Amino acid sequence: LRDVLDYTEKDQFDVILMNPPYGGSEKNDVKNHFPADLASSETADLFMSVIMYRLKQDGRAAVILPDGFLFGTDNTKVAIKRKLMREFNLHTIIRMPGSVFSPYTSITTNILFFDRTHPTKETWFYRLDMPEGYKHFSKTKPMKLEHFDPVRDWWQNRIEIKSADTDTYKAKCYSAQDIEAGSFNLDLCGYPHEEEEILPPKELIQQYQEKRASLNADIDRILEKITDILGIREEDGE
Numbered sequence: 010l011r012d013v014l015d016y017t018e019k020d021q022f023d024v025i026l027m028n029p030p031y032g033g034s035e036k037n038d039v040k041n042h043f044p045a046d047l048a049s050s051e052t053a054d055l056f057m058s059v060i061m062y063r064l065k066q067d068g069r070a071a072v073i074l075p076d077g078f079l080f081g082t083d084n085t086k087v088a089i090k091r092k093l094m095r096e097f098n099l100h101t102i103i104r105m106p107g108s109v110f111s112p113y114t115s116i117t118t119n120i121l122f123f124d125r126t127h128p129t130k131e132t133w134f135y136r137l138d139m140p141e142g143y144k145h146f147s148k149t150k151p152m153k154l155e156h157f158d159p160v161r162d163w164w165q166n167r168i169e170i171k172s173a174d175t176d177t178y179k180a181k182c183y184s185a186q187d188i189e190a191g192s193f194n195l196d197l198c199g200y201p202h203e204e205e206e207i208l209p210p211k212e213l214i215q216q217y218q219e220k221r222a223s224l225n226a227d228i229d230r231i232l233e234k235i236t237d238i239l240g241i242r243e244e245d246g247e
């Protein structure tokens, strides 16, 4: 890994498609390759920064990121989202159901579409609901390409869509000013709260393991801050 500030035009790409790993926690030897304000401990955040530095002028990108990136309010996440919106055109975010990658993960994800043409003026959000006849996706009933047909139809004719059964929006456009005024919270057009579903034991265990990994990452970040404050080095071992 090299410092992101050292990337030049020959290291950049016209198109970037990425589904980075999430839930991981990085140590200082990795974070030191990033500007201080972008030096997150979360693997997905660092991938997002690398993508921004390696996208060519007029280049396009589509990145899959977890919900935590959208609603995260810690300083590094806000800095990454601020850079994304002020230096890139974040034109569309597709909210996806939580079981899209089932049975491999139950983490809820989103597709962020942006290009390096101009600062963001507005961002469209679209919530992809579960298709009729599906309660959730699974190994035996996986998500299929045809399930994206509603997104493709809407993409060509973008209109705001209000949810039929709740006072929320399935699709809506928000100005960059409104998003910035909301501290860059991108958790918009989300899924309505439903009655809690009882999952099979295997999925419950997997969900617990994923949440534990995410919690461990948070603990690692807090411990790093404490060790920095106390001046304890990793090689000291205590």
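Residue numbers for the sequence shown follow our numbering, beginning at 10 and rising by one. For glycine and all other residues, C-beta sits at the position ideal for the given N, C-alpha and C. These numbers were taken from a predicted model, which means no experiment stands behind them.
Counting only the Cα atoms, Ser50 lies some 36 Å from Pro159. Residue pairing by DSSP places Ala53 opposite no residue, since no beta bridge is assigned to it.
C-alpha of Asp174 to C-alpha of Leu137: approximately 15 Å in a straight line. In this structure, Arg125 and Gly68 form a Cβ contact; the two beta carbons are roughly 5 Å apart against a cut-off of 8 Å.
In this structure the segment 65-82 lies against the segment 125-134, because at least three pairs of beta carbons, one per stretch, are closer than 8 Å. In the DSSP secondary-structure assignment, Asp124 is bridged to Arg69, Asn98.
For Pro140, the three-state secondary structure derived from DSSP is coil. Taken through DSSP and simplified to helix, strand or coil, Lys181 comes out as strand.
The C-beta separation of Asp76 from Asp196 comes to about 7 Å, placing the pair in contact by the 8 Å criterion.
The Cβ-Cβ distance between Tyr16 and Arg91 does not fall below 8 Å.
Per DSSP, the continuous beta strand (DSSP E) segment holding Asp23 begins and ends at 22-27.
Sorting Ala48, Ser58, Thr101, Phe56 by C-alpha distance to the C-alpha of Ile168 places Thr101 at the top. If you check the CB distance, Thr82 and Ala48 do not come in under 8 Å. Relative to Lys40, the option among Leu14, Asn166, Phe146, Asn28 whose CA is nearest is Leu14. Taking C-beta separations shorter than 8 Å and ignoring five residues to either side along the sequence, the partners of Asp46 in its chain run Asn84, Thr85, Ala88, following chain order. Going by C-alpha positions, Asp237 is about 33 Å away from Ile188. By alpha-carbon distance to Pro30, the top candidate from Ile170, Ser223, Met94, Tyr183 is Ser223. For Pro159, the uninterrupted alpha helix (DSSP H) run begins and ends at 158-165, by DSSP.
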